[in-house]
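Enquirer:
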Amino acid sequence: MAERVAIVGVGQTYHRSRRPDVNQVELMNEAVRAALDDAQLTLRDIDAVVMGNMELFEGNYLVDMWASDGIGSYLKPGMKITTGGTTGATVSCAAFNHAASGLFDVVLAVAFEKQDEGDTTAGLNSVSDPLWRRWIATGAMGAFARVGRDYIRRTGCKEEHAAMLRVKADKGACRNPYAHLKLNLTIEDVMNSRMLMWPMRLLHMCPTSVGAAALVVASEKRAKQITKKPVWVKDWVTVHEESATTWSMVRPGETSLEKASRLIYQRNGITKPAEEIDVAEIYEPSIWGELAWYEQYHFCEPGEGWRWAEKGVTDMEGEFPVNPSGGVVATNPIGATAMIRIVEAALQVRGDAGEHQVSRPVRTAFTTAWGGSNWTVATLLTKSL
Amino acid sequence: MRQEPFVVPGKLVVPYRYFVGRLASKALIALRDDKKVMGVRCPTCNLTYMPPRSTCGRCFSKLEELVEVGDKGTVLTYTVVYHKEPVHPMEPPFVYGLIKLDGADTALPHFIGEVEPEKVSIGMKVQAVFKDKREGNILDIKYFKPQ
C-alpha cells in the first residue's frame, strides 16, 4: 500500500431506542460534527466522504441521495457502502483504502442506523437467499441460538457463563456515556430474563438501537500534522464464507472469524494474540457469540472461553480485556455498530476512553465485525508505527 | 417439449415511518395549519433552501432561521407524463416541473395543473394551490397553477 494511515478523529451519538427529535440526516450530522471536533478540523479539510447503513432497515435505499448536506459530502468524492452487520467496519476500511491509495489525504467515514423508523427483521429477511432461506425468517436470534446450543454441546459450558459475560458487558456499558442499555445487571437478572429461542434469553441479545458513528482518517503526513495522538491503522482485512451450506456448523473451525483474525496475526507477526494485543472490541450481537468466538479469534484454546468467563480474564481490569465499551450486546445501531468497535478501540489506544479505559496499558487494539451471511472484518490499531 | 422456467413468486413488505426532524417539522406544520411555505436561510452563504434542511451543505453551518418563501414561483423546467405507471399519483397526461419559489434559491419538484400541458412553458409564473384538508406533507400543495 502506498500510504500508512491513521485515525485522527472519532465521534458517535448517544445511542438510544428512539430518537424522534432528529431525522436520519440530522442523526448522522451529530456524529460527523463530533468526529470533526475531535480532530479539530472543519469540512474544508475533508477530501472524500464514505458513508453507510443497512439498506431497507429504515425502509429506504441510498440515503446518500439526500444526505449530502448533513454528512458533508456535497461536491466531494465518496461512496455509499452496505455490507450487513459489518457495514460500519467496511465503511471504515473504505476510508482507510481511500487514504492509503494516496488519492485522498483526509477522509471522513460515517455510518448509522435509525431502527425506530423501520422494521429491521423485515429488512433483514430481504437479504437471505430468496429460494432456500428466506422462508425461515429467524433473523439474527436464530443464528446465535444455534451458536449457543452448539457451544454448550461441544464444551460443557453452562448458561451461567453466558450470564457472567453479559454482566461484564453491562459493567462496561454503565461506564460508557454513549452506551444504550445500562442495566446494573446481576447474574440472576440474566438467568431469569425471558427465553426467546433456547438457549437464547432476552438479555443475551442486543437491543435495537438508534445511533451514528464517524471517523476521520488521514495519510501519515497529514495525520502527524493534525494530531499528537494518531491511532495507526496497521492492518485490515475482510473474509467471506458461504452461508447456504452453513459450513461453520458442520466444520466448526472453518469460519470467516478464524480466517480473518489469523490473517491479521500472520501479517503482523502476532503469535500469542491475548498477550500481544492489549484490548479487543469484537462484534457480538449476542453474548453467546462472545463466549463461542474467543476461540475462533485464537484468543484462547478451543472450549476454554467459558473458563475465561469464570476467571474474569476479559474484564475491563482483566489480563485481556474484551469489549470494555459494553459491546454490541449493550448497543447495536446496526450500520454504525462495527464502526463503534473501531471508534472505541481508537479511544483505548489514545487512552481517552474515560471511565471505561482498561487497566492494561494499550499499545495495540484488535477489532472485529461480523454480519450478513457470516463474513468478518478485522482491524489492528496501534499507538506507534 | 419446451419447459417454462421454474419461478418462486415472492413479495417483500417493508413498513417504515420517517421522523421529520428539527426544522422540517416546523415547516410542515406551517404548511398544514397556515398554508405557509417555509424555507431555511443560511446567513453565511446567503441562500434559502426549500425544502428546509438542518445543515448547509456548502458551508456546513447549522441552520436555524426558518423564513417564509411564499406560494409563488417560476417554472425552471418541466415535462409532460403521457405513459402510465402504478406509482404515479394521477392519471396521465400530467405535468411536473421544478419550481423555484420566489423566496428560495433552490428548486422544488411538484406538479403543474389547471393548464393544458402544451401551454406550460419554462419561465412561467405559477402559484401553489392548497388542498382543503391538509395532512402535513408536501402534497398539501395539490399542484402549482399559472398566476
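Going down the list, the protein sequences come from chains A and V.
For the first sequence, the tail end lands on 385 under this note's numbering, and the numbers increase by one without skipping.
For the second sequence, the tail end lands on 1147 under this note's numbering, and the numbers increase by one without skipping.
Every residue gets a Cβ at the ideal spot worked out from N, C-alpha and C, and that includes glycine.
(1) Starting from Tyr1049/V, follow its DSSP beta bridges and name the residues at the other end.
(2) On the DSSP bridge list, what partners appear for Tyr1096/V?
(3) Please confirm if Cys1056/V has its CB atom under 8 Å from at least one CB of chain A.
(4) At least one CB of chain V closer than 8 Å to the CB of Asp45/A: is that the case?
(5) Along the chain, where does the beta strand (DSSP E) that runs through Ala111/A open and close?
(6) Could you name each continuous alpha helix (DSSP H) segment of 4 residues or more that falls completely within the region 232-315 of chain A, going from the start of the chain to the end?
(7) Opposite Ser219/A in the DSSP bridges: which residues?
(8) Could you check what DSSP says for Tyr1018/V in three-state terms: helix, strand or coil?
(9) Quick check: the Cα distance between Lys1036/V and Pro1015/V, rounded to an integer number of angstroms?
(10) If you follow the beta strand (DSSP E) that Lys1145/V is part of, which residue opens it and which one closes it?
(11) On the DSSP bridge list, what partners appear for Gln1127/V?
(12) From Thr1135/V to Ala1104/V, what distance separates their C-alpha atoms?
(13) With 8 Å as the C-beta to C-beta threshold (strictly closer), list the residues of the region 112-143 of chain A near chain V in chain order.
(14) Are there three or more Cβ pairs, one per stretch, closer than 8 Å when the region 285-298 of chain A is compared with the region 307-325 of chain A?
(15) Can you give me the start and stop residues for the beta strand (DSSP E) that Val343/A sits inside?
(16) Starting from the Cα of Tyr74/A, find the closest Cα among Arg44/A, Val10/A, Arg19/A and give me that residue.
(17) Under the rule that 16 or more other beta-carbon atoms within 10 Å means buried, what is Met316/A, buried or exposed?
(18) Pick from Ala330/A, Phe366/A, Ser359/A, Arg262/A: whose alpha carbon is nearest that of Val343/A?
(19) Return the residues of the region 1008-1019 of chain V that lie within a Cβ-Cβ distance of less than 9 Å from chain A, sorted by chain order.
(20) Determine whether the beta carbon atoms of Gly329/A and Glu284/A lie at a separation below 8 Å.
(21) Evaluate Trp236/A with the Cβ neighbour count: other Cβ atoms within 10 Å of its Cβ, from every protein chain shown; 16 or more gives buried, anything less gives exposed.
(22) From Met51/A, Val10/A, Glu55/A, Val49/A, pick the residue whose C-alpha is nearest to that of Ala34/A; which is it?
(23) How big is the Cα-Cα spacing for Val1081/V and Pro1089/V?
(24) Roughly how many angstroms lie between the CA atoms of Thr1044/V and Gly351/A, to the nearest whole one?
(25) With three or more C-beta pairs closer than 8 Å as the rule, is the region 124-140 of chain A touching the region 262-278 of chain A?
(26) Which residues in the same chain have their Cβ closer than 7 Å to the Cβ of Ala1107/V, if we skip the five residues on either side of it in sequence?
(27) Find the residues of chain A that neighbour Arg1032/V, judging by a C-beta separation of less than 8 Å, and give them in chain order.
(28) What number of angstroms, rounded off, separates the C-alpha of Gly1057/V from the C-alpha of Gln1003/V?
(29) Would you verify that the beta carbon of Gly1021/V is, or is not, closer than 8 Å to some beta carbon of chain A?
Expert: Reading it off the structure:
(1) Here residue 1049/V corresponds to residue number 49 of the second sequence, with the count starting at 1. Answer is Val1040/V.
(2) Counting from 1 along the second sequence, the entry for residue 1096/V is found at position 96. DSSP lists Thr1079/V, Phe1111/V as partners of Tyr1096/V.
(3) Taking the first residue of the second sequence as position 1, residue 1056/V is located at position 56. Yes, its Cβ sits closer than 8 Å to a Cβ of chain A.
(4) On the first sequence, position 45 is the one that residue 45/A refers to. Not one chain V Cβ lies under 8 Å of Asp45/A.
(5) If you number the first sequence from 1, residue 111/A lands on position 111. Here the beta strand (DSSP E) through Ala111/A covers 106-114.
(6) Restricting attention to alpha helix (DSSP H) runs no shorter than 4 residues, the region 232-315 of chain A encloses them at 247-250, 256-267, 273-276, 287-293, 305-311, ordered along the chain.
(7) Sequence index remark: in the first sequence, residue 219/A carries index 219 (1-based). Answer by DSSP bridge pairing, in chain order: Val5/A.
(8) Taking the first residue of the second sequence as position 1, residue 1018/V is located at position 18. Residue state, collapsed to three classes: coil.
(9) Position 36 of the second sequence, counted from the start, is the residue given in the question as residue 1036/V. Position 15 of the second sequence, counted from the start, is the residue given in the question as residue 1015/V. Using only the alpha carbons, I get a separation of about 30 Å.
(10) If you number the second sequence from 1, residue 1145/V lands on position 145. Run containing Lys1145/V: 1141-1146, per the beta strand (DSSP E) assignment.
(11) Locating residue 1127/V in the second sequence gives position 127, counting from the first residue. Lys1072/V, Lys1145/V.
(12) Taking the first residue of the second sequence as position 1, residue 1135/V is located at position 135. Taking the first residue of the second sequence as position 1, residue 1104/V is located at position 104. Rather than Thr, the amino acid found at residue 1135/V in this sequence is Glu. Spanning the two alpha carbons is a distance of roughly 23 Å.
(13) Taking 8 Å as the Cβ-Cβ cut-off against chain V, the residues of the region 112-143 of chain A that qualify are Lys114, Asp116, Glu117, Gly118, Asp119, Ala122, Gly123, Asn125, Ser126, Pro130, Leu131, Arg134.
(14) With the rule of 3 Cβ pairs closer than 8 Å, the region 285-298 of chain A counts as touching the region 307-325 of chain A.
(15) Walking along the first sequence from the start, residue 343/A turns up at place 343. Careful: Val343/A lies outside any beta strand (DSSP E), inside the alpha helix (DSSP H) at 334-350.
(16) Numbered from 1 along the first sequence, position 74 holds the residue referred to as residue 74/A. Among Arg44/A, Val10/A, Arg19/A, the Cα nearest to that of Tyr74/A is on Arg44/A.
(17) Counted from its first residue, the first sequence places residue 316/A at position 316. Met316/A is buried by the Cβ-count criterion.
(18) By 1-based counting over the first sequence, the position of residue 343/A is 343. The shortest C-alpha separation from Val343/A is found at Phe366/A.
(19) Answer set for the region 1008-1019 of chain V: Val1008, Gly1010, Leu1012, Val1013, Val1014, Pro1015, Tyr1016, Arg1017, Tyr1018, Phe1019.
(20) Taking the first sequence and counting its residues from 1, the one referred to as residue 329/A is at position 329. Taking the first sequence and counting its residues from 1, the one referred to as residue 284/A is at position 284. The displayed chain sequence assigns Val, not Gly, to residue 329/A. In contact: Val329/A and Glu284/A (Cβ atoms closer than 8 Å).
(21) Here residue 236/A is taken as the residue at index 236 of the first sequence, counted from 1. Only buried fits Trp236/A, as 16 or more other CB atoms lie within 10 angstroms of its CB.
(22) To locate residue 34/A, count along the first sequence from 1; it is residue 34. Distances from the alpha-carbon of Ala34/A to those of Met51/A, Val10/A, Glu55/A, Val49/A put Val10/A closest.
(23) For this step, residue 1081/V is matched to residue 81 along the second sequence. For this step, residue 1089/V is matched to residue 89 along the second sequence. Cα to Cα, Val1081/V sits roughly 11 Å from Pro1089/V.
(24) As a first step, residue 1044/V must be located in the second sequence, where it is residue number 44. As a first step, residue 351/A must be located in the first sequence, where it is residue number 351. C-alpha separation (whole angstroms): 37 Å.
(25) With a cut-off of 8 Å, the region 124-140 of chain A and the region 262-278 of chain A do not count as touching, because too few Cβ pairs lie within range.
(26) Along the second sequence, one-based indexing puts residue 1107/V at 107. Shown here for Ala1107/V: same chain residues with a beta carbon closer than 7 Å to its own, the five before and five after excluded, namely Leu1076, Leu1098, Ile1099, Lys1100 in chain order.
(27) By one-based count along the second sequence, residue 1032/V stands at place 32. Under the 8 Å cutoff, chain A gives no residues; its nearest Cβ is about 18 Å from Arg1032/V.
(28) Position 57 of the second sequence, counting from 1, holds the residue named residue 1057/V. Position 3 of the second sequence, counting from 1, holds the residue named residue 1003/V. Roughly 55 Å between the two C-alpha positions.
(29) In the second sequence, the residue the question calls residue 1021/V occupies position 21. Yes, because at least one Cβ of chain A sits closer than 8 Å to the Cβ of Gly1021/V.
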